[in-house]
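Residue numbers for the sequence shown, in my numbering: 14 to 308.
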Amino acid sequence: MSVKEKFSWFHFFNYAVFALITLICVFPFYYLFINTISNNDLSSRGLVMFYPKGLHLTNYIDVFKIPGLGQAALVSLGRTLLGTLLTVAASAFLGYLFTKQMWGRRFWYRFLVITMYFNAGLIPWYLTMLHLGLTNNFLAYILPAIVQPFFIILVKTFVESTPVALQESAQIDGAGHFKIFTSIIFPLITPILATIAIFSSVSQWNSFTDTLFLVTDQKLFTLQFILYRYMNEATSIAQLMKQTTGAVNIDLANMATPTSIRTTVSMVVVLPILLVYPFFQRFFVKGIMIGAVKG
């Protein structure tokens with residue numbers, strides 16, 4: 014292959030387009046970050062755009078002093094880890110079972126697909142959770158998310174793409190369904206399980222509506238609910254921080270503003286996902302492409 018073919022205009026156009034898309038995706042996070050470490054007065058007036066001005070870390074120090082933030086972070090971390098683990102396990106096993114001959118399989122599979130498009134609505138959902146005793150209960154974050162029809166269909170499609178001969182040879186050796194699943198199927202479907210883990214963990218980490226409707230106990234508040242509440246109350250919180258700082262020590266460059274609170278809390282919430290995602294990214298493309306064709 015000649016050098017001219019390697020660096021054709023087509024390749025240049027592709028690189029340019031992907032570079033532009035990357036820039037569009039990355040710039041919001043960069044813009045958010047430079048505003049958290051810049052002069053708060055300039056940031057609140059929209060004068061920080063492409064590079065930080067007046068570097069300081071006061072915003073992060075102030076945000077980490079917000080009462081209940083540490084407890085909320087632990088709740089969010091707990092629901093993300095436990096919820097993701099149980100969702101992946103349930104999706105893997107149920108998806109595997111739907112590839113086997115069992116009573117009413119076609120009916121249950123269609124019923125599963127229907128639940129993807131229709132739901133009872135907010136009020137029946139709330140009444141169900143209330144009667145199940147899941148208000149002010151940590152399990153309200155975990156139990157409703159364990160069975161996800163979309164994830165089960167992804168796993169079913171992935172399992173059907175694996176060689177059937179592997180399962181048949183294990184059956185000849187006397188292995189049951191559970192043994193085949195744990196020893197043969199589970200190791201083979203790790204790409205799609207990693208993809209499901211990403212979907213589930215991001216959903217669990219970013220969720221706050223269940224806290225809004227089901228939880229009044231402050232010990233069970235999630236980090237995202239704290240963010241949601243502070244987004245709505247940023248102005249009054251900024252005034253409170255200004256008062257606690259003291260009128261004599263007021264510094265416009267470092268004084269908390271509604272903009273600084275919003276950007277800093279947003280950065281604190283989104284940072285864990287940004288750090289974890291690259292470790293799963295190599296599984297993501299293979300898993301989602303194979304699971305994209307649903308049977």
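No residue lacks a Cβ here, since even glycine has one placed at the ideal position from N, Cα and C.
Give the secondary structure of residue i by DSSP, where H, G and I count as helix, E and B as strand, and everything else as coil.
i, result
"serine 216", "helix"
"aspartate 223", "helix"
"asparagine 245", "helix"
"leucine 145", "coil"
"alanine 86", "helix"
"serine 174", "coil"
"leucine 288", "helix"
"phenylalanine 151", "helix"
"threonine 97", "helix"
"valine 228", "coil"
"alanine 133", "coil"
"phenylalanine 238", "helix"
"valine 76", "helix"
Suppose contacts are defined by Cβ-Cβ distances below 8 Å. Is residue i in contact with residue j by that definition?
i, j, result
"isoleucine 202", "alanine 105", "yes"
"alanine 103", "isoleucine 193", "no"
"isoleucine 6", "glycine 81", "In the structure displayed, the chain extends from 14 to 308; residue 6 sits before or after that span and is not available."
"threonine 224", "glutamate 173", "no"
"asparagine 53", "serine 273", "yes"
"valine 101", "leucine 33", "no"
"tyrosine 139", "phenylalanine 226", "yes"
"leucine 135", "proline 162", "no"
"isoleucine 165", "leucine 107", "yes"
"serine 89", "glutamine 237", "yes"
Near residue i, which residues of its chain fall below 6 Å by C-beta distance, leaving aside the five closest residues on each side in sequence?
i, result
"threonine 49", "Asn72, Thr276, Thr277, Met280"
"leucine 240", "Val278, Val282"
"threonine 93", "Ser214, Gln217, Trp218"
"tyrosine 109", "Val172, Phe194, Ile198"
"phenylalanine 26", "none"
How far does the alpha helix (DSSP H) with residue i in it extend, from its first residue to its last?
i, result
"histidine 69", "Histidine 69 -> no alpha helix (DSSP H), and no H or E assigned at all."
"aspartate 54", "53 to 57"
"proline 41", "22 to 49"
"valine 177", "177 to 185"
"threonine 270", "Run containing threonine 270: none; DSSP gives neither H nor E here."
"tryptophan 121", "118 to 130"
"isoleucine 159", "Looking at the DSSP string, isoleucine 159 is not in any alpha helix (DSSP H), and its letter there is neither H nor E."
"lysine 192", "190 to 193"
Within the present structure, is the beta-carbon of residue i separated from the nearest heavy atom of the ligand MG by less than 7 Å?
i, result
"proline 157", "Within the structure as shown, the ligand MG is missing, as the structure has no ligands at all."
For residue i, I'd like the list of residues in its chain whose CB is within less than 7 Å of its CB, leaving aside the five on either flank, ordered along the chain.
i, result
"isoleucine 47", "Val61, Tyr64, Pro65"
"leucine 99", "Ile155, Ile159"
"methionine 129", "Pro162, Phe163"
Grab me the residues of residue i's own chain with a C-beta within less than 8 Å of its C-beta, minus the 5 sequence neighbours each way, in chain order.
i, result
"valine 76", "Leu82, Ile274, Thr277, Val278, Val281"
"arginine 58", "none"
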